[in-house]
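J.: Residue numbers (this note's numbering), protein chains in the order written: chain A, 2 to 218; chain B, 1475 to 1686; chain C, 126 to 412. All C-beta atoms, glycine included, are put in the ideal place defined by N, C-alpha and C. Predicted model only: the values in this text are computed from it and were never measured. First the structure, then my questions, so here it is.
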Amino acid sequence: MNLTAENLWLTAAALATLCTMSFLYKDNPFYKFAEHLVVGVSAGYFTMLLIVTSLWPKLVDPLRDGNYWYIIPGLLGIMMYFRFSKSQSWVARYPIAIYIGIGTGLSLVVEFQARIIEQLNATIGIAATMKADSAAGALTTLDAINSLIILLGIVCGLAYFYFSKEHKGWFGGAASMGIWMLMVGFGASFGYTVMARISLFIQRVQFLGDWWQRLFA
Amino acid sequence: MKRQFPLILVFVLGVIMALVEFIPLDWAKDFKEFALDWTIIIGVFAMGLGIWSLIRVSADRISRRQENWGYSIVTLAGLAAMMAFSIYSWITAGLENAMSGYMFEHFFDHVMVPIQATMFSLLAFFIASAAYRAFRARSLLASLLLLAAVVVMLRVVYLGPISPPINVAADWIINVPNLAAKRAILIGVGLGIVATALKVILGIERAYLGRD
Amino acid sequence: MADAKRLSFNERLLKIDRRWIFLLLAMVVILVYLLDVTVPVYVTEEVRNIYERIEALKEGDVILLGLDYDPSTLAELNPMTFTVLKQCFHKKVKVIVTALHQNGPTLADQVLREATAIHEGGGGDKIVYGTDLVYLGYKPYPALVINSLGQDFHISFPADYYNTSIDSLPLTQRVHNLTDVNAIINISGTSATDYWISYGAAAYNVPLAIGVTGVMATDYYPYLQSGRVFGLMGGLKGAAEYEHLANNPGDAIQGMAMQMWAHLLIIFFIIIGNIGYLLSRRAQAKE
């Protein structure tokens, strides 16, 4: 057995891994211990990360350099903690309002561009590309069918999510086709999700294998 | 003014931030830099709210001897230990080494990483169990979902000469119907985000103010 | 015991204790790991696009690498990071790194150090911190941070992760914001990818490629088709494809064999669950 300091730490990590995995049999004190430990350690890590990499360079250093305007965002930040006071919690609304105002103003434009304008542009672009390819004699049957499916699928999918009109008649038909598309999309997501979850366990097996080899090989 | 002034602030700042995206002048760029700079600093303090809540809840549980209060000691001990390791490295080796001290890094590597990674790896088992128990071909739509999922899962499976057509089928599912479905969802979500942003800026949505 | 005897075949198919399923899955993955087999990797166009784009970069070009993940998703995303870094170091492409997940900065720091050591240990040129590589670190609220990176790195990162002023680093002396980089590569297990797309790439029109977890991958194909994202690596498979292209076999390629057999097992469970369900329905219809 190779009992170096590094291997002892790895053994601690392996034990932590096995304690957490014990939950698969049933909830038990080992799992609870690991769960609560990681919550505390993560919180401690994050606290120091905020202080060392964010608070110090963004606030303390400019103040030390004589840029005293930064007292204002500092004070605004401290005002956030009035949330915990029953009588003075309204004080926290001011910094929250600043953050919300700036964040939503920014998001209004960038999200509109990225999620709506560009996506609609790309959808219309499919039709334009089909037309151009057809004119150039480069449009294959499969490409044409695929492009039509995508166009119809997007329109029908949007029709499904439009709840201000009753899903009846031709509109109901479009919404029905929309749900078919959505089901295929969710199926694809599920397939990928299975892969994602399994790969997390695979990495743990690789880690435990590596630990075993280091300790005993 | 306890509710009015924040609403005015949200409106003014929201409109200005939306407009400066369209104004290619230096003052607009400077204002945006200033706004982002200050907001990030405020945000640093906001992140601390969660940590303070955790400390309060854990201390409360310990003082009242509630069920499993002993584990709250473990939580607070872990938090205190990480802070102590980092502060010790800061004092002895400077701010630049506060996040890379021996005990701090080893606790990160050998406590935080394995437990977090393993907790999420448990999902592999739960999804296998869920696939067995709940993934039923109850209706035509459910069968369609099931078929799409199985084809995409088979993309990873090497089945010799059957693999190329399965890969083509899986590629088609992902690049055609999945694309259509996800784009419809994306546009819908985008419209929702824009509508909510407008409601917040105009003061229609006020949940962030909390109660009086 | 009397109850168990009365269970029909289809009822037994439907009532398998989930711990047997857990045990079978664990045994299959461990057995395949011990056998150490590999399977062929089928490379998709969306992964190839990322590889070819980096291959086309010249010495001195700059990439911004956003590593926005934490230990819970390192299984799928670490292999991508290592391979991208290996390729960039080999091409002498400069790399500026951010880590905008609150549990990720130390992980990113370790990955950078390990990738640097592997490159230099494998005979590669020495990677000079500040000239070839800069690690900016973490700041909260990724949406605002990413948007500020498009204006000026100084807004969010007056100093790097090691508290060195970015004005003193040669790389950040010449690269001031996102518009100065040749491409952004975001490897993420969180909604930071959405922010990189909206607040970074779309806002400042910078080419962006993404590496995401399998759970998220299918959601980003609309951006791929619209051209907002030029490449996409999805989950461990995407990482394996990239390792294959870069001729850098690692954990991802090794994991694909285990992945394959685990998938086959899950498909088997789905089939027996559905057989049990259909037989039960038929039995109920007869009654």
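1) Helix, strand or coil: how does DSSP classify Tyr266 of chain C here?
2) Report the residue ranges of all beta strand (DSSP E) runs contained in full by the segment 276-363 of chain C; include only those spanning at least 3 residues, in chain order.
3) Could you check what DSSP says for Lys219 of chain C in three-state terms: helix, strand or coil?
4) Here's the rule: buried if 16 or more other CB atoms are within 10 angstroms of the residue's CB, otherwise exposed. What is Phe202 of chain A?
5) So is Ala218 of chain A buried or exposed if we call it buried at 16+ other beta carbons inside 10 Å?
6) Out of C:Val164, C:Ala151, C:Phe134, C:Tyr176, which has the shortest C-alpha to C-alpha gap to Met385 of chain C?
7) Just how far apart, CA to CA, sit Leu153 of chain A and Ala371 of chain C?
8) If you measure from the beta carbon of Gln204 of chain A to each beta carbon in chain C, is any gap under 7 Å?
9) Any idea what DSSP makes of Val153 of chain C, helix, strand or coil?
10) Is it buried or exposed for Ile72 of chain A, if we count other Cβ within 10 angstroms and need 16 for buried?
11) Could you tell me the distance, in whole angstroms, from the CA atom of Gly102 of chain A to the CA atom of Lys1506 of chain B?
12) Since Ile155 of chain C meets chain B, which of its residues come closer than 9 Å, beta carbon to beta carbon?
13) For Tyr158 of chain C, count neighbouring Cβ atoms within 10 angstroms of its own Cβ and tell me buried if that reaches 16, exposed if not.
14) Which value, in whole angstroms, describes the spacing of the CA atoms of Leu1653 of chain B and Gly1664 of chain B?
15) Going along chain B in order, which residues have a C-beta closer than 8 Å to the C-beta of Ile146 of chain C?
16) Under 7 Å between the Cβ atoms of Pro267 of chain C and Ala317 of chain C?
17) From the DSSP output, read off the bridge partner residues of Arg191 of chain C.
18) Residues of chain C with a CB under 9 Å from the CB of Lys1656 of chain B: which are they?
19) Could you give the DSSP three-state label for Tyr82 of chain C: helix, strand or coil?
20) Across which residues does DSSP place Tyr254 of chain C in a beta bridge pair?
21) Classify Arg65 of chain A as buried or exposed, calling it buried when 16 or more other Cβ atoms lie within 10 Å of its own Cβ.
22) May I ask which residues mark the beginning and end of the alpha helix (DSSP H) holding Thr142 of chain A?
23) Just curious, the alpha helix (DSSP H) that Ser1532 of chain B is in, first and last residue?
24) Relative to the alpha-carbon of Ala14 of chain A, which residue among A:Lys27, A:Tyr26, A:Leu25, A:Val39 has its alpha-carbon at the smallest distance?
25) Which residues, in chain order, does the segment 91-103 of chain A contribute to contact with chain B at a C-beta distance below 7 Å?
26) Is the beta carbon of Tyr324 of chain C sitting closer than 7 Å to the one on Val111 of chain A?
27) Out of B:Asn1571, B:Ile1667, B:Val1631, state which residue places its alpha-carbon closest to the alpha-carbon of Met196 of chain A.
28) Mapping DSSP to helix, strand and coil, what is Leu1633 of chain B?
29) Can you find at least 3 beta carbon pairs, one from the segment 1571-1584 of chain B and one from the segment 47-54 of chain A, that sit closer than 8 Å?
30) Measuring only the C-alpha atoms, how far is Phe208 of chain A from Gly186 of chain A?
31) Measure the CB-CB distance between Ser313 of chain C and Phe1594 of chain B and report whether it falls below 7 Å.
32) Can you confirm whether Met385 of chain C, when its beta carbon is compared against all beta carbons of chain B, has any partner nearer than 7 Å?
33) With distance defined between alpha-carbon atoms, name the residue in C:Met383, C:Leu202, C:Val209 nearest to Glu180 of chain C.
34) Taking the C-alpha atoms as reference points, what is the distance between Arg1530 of chain B and Gly1524 of chain B?
35) Is it true that the segment 1576-1593 of chain B meets the segment 19-35 of chain A, where meeting means three or more beta-carbon pairs spaced less than 8 Å apart?
36) Under 8 Å Cβ-Cβ, which residues of chain C neighbour Phe47 of chain A?
T.: With the given structure in hand:
1) Tyr266 of chain C carries a coil assignment under DSSP once its states are collapsed to helix, strand and coil.
2) Entirely contained in the segment 276-363 of chain C, the beta strand (DSSP E) runs reaching 3 residues are, in chain order, 308-313, 333-337, 354-359.
3) DSSP, read as helix, strand or coil, puts Lys219 of chain C in strand.
4) Counting other Cβ atoms within 10 Å of its Cβ, Phe202 of chain A reaches 16 or more and is therefore classed as buried.
5) It counts as exposed.
6) Shortest Cα-Cα distance from Met385 of chain C to any of C:Val164, C:Ala151, C:Phe134, C:Tyr176 involves C:Val164.
7) Using only the alpha carbons, I get a separation of about 38 Å.
8) The Cβ of Gln204 of chain A sits closer than 7 Å to at least one Cβ of chain C.
9) Val153 of chain C sits in a helix when the DSSP states are folded into three classes.
10) Ile72 of chain A comes out exposed.
11) Their backbone Cα atoms lie some 13 Å apart in a straight line.
12) Result: empty, since nearest Cβ-Cβ is about 13 Å, beyond 9 Å.
13) Counting of Cβ neighbours within 10 angstroms places Tyr158 of chain C among the buried residues, the total reaching 16 or more.
14) Annotation: Leu1653 of chain B to Gly1664 of chain B spans about 16 Å, alpha carbon to alpha carbon.
15) Contact note: Ile146 of chain C reaches chain B through Phe1599, Ala1602, Ser1603, Tyr1606, using a C-beta cutoff of 8 Å and chain order.
16) It is a contact, given that the beta carbons lie within the stated cut-off.
17) The sequence given here has Gly at residue 191 of chain C, not Arg. In DSSP, Gly191 of chain C forms a bridge with C:Thr223, C:Asn311.
18) In chain order: Thr343, Asp344, Tyr345, Tyr346, Pro347.
19) Outside the displayed range of chain C (126 to 412) lies residue 82 of chain C, so it cannot be described from this structure.
20) C:Leu258, per the DSSP bridge assignment.
21) By the neighbour-count criterion, in which a residue is buried when 16 or more other Cβ atoms sit within 10 angstroms of its Cβ, Arg65 of chain A is exposed.
22) That run of the alpha helix (DSSP H) goes 142-161.
23) From DSSP, the alpha helix (DSSP H) with Ser1532 of chain B extends over 1500-1537.
24) Nearest to Ala14 of chain A by alpha-carbon distance, out of A:Lys27, A:Tyr26, A:Leu25, A:Val39, is A:Val39.
25) Listed by position, the residues of the segment 91-103 of chain A near chain B (Cβ gap below 7 Å) are Trp91, Arg94, Tyr95, Pro96, Ile97, Ala98, Ile99, Tyr100, Ile101, Gly102, Ile103.
26) It is a contact, given that the beta carbons lie within the stated cut-off.
27) Ranking the options by Cα distance to Met196 of chain A, first place goes to B:Val1631.
28) Leu1633 of chain B falls in the coil class under three-state DSSP.
29) Touching, yes, given that three or more Cβ pairs across the two stretches are closer than 8 Å.
30) Taking the Cα positions, Phe208 of chain A is about 33 Å away from Gly186 of chain A.
31) Contact flag unset, no.
32) Chain B contact via Cβ: present.
33) Measuring C-alpha to C-alpha distances from Glu180 of chain C to each of C:Met383, C:Leu202, C:Val209 identifies C:Val209 as the nearest.
34) Each residue's alpha carbon lies about 10 Å from the other.
35) The answer is yes - the segment 19-35 of chain A touches the segment 1576-1593 of chain B, with three or more Cβ pairs under 8 Å.
36) Within 8 Å Cβ-Cβ: Gln227, Asn228.
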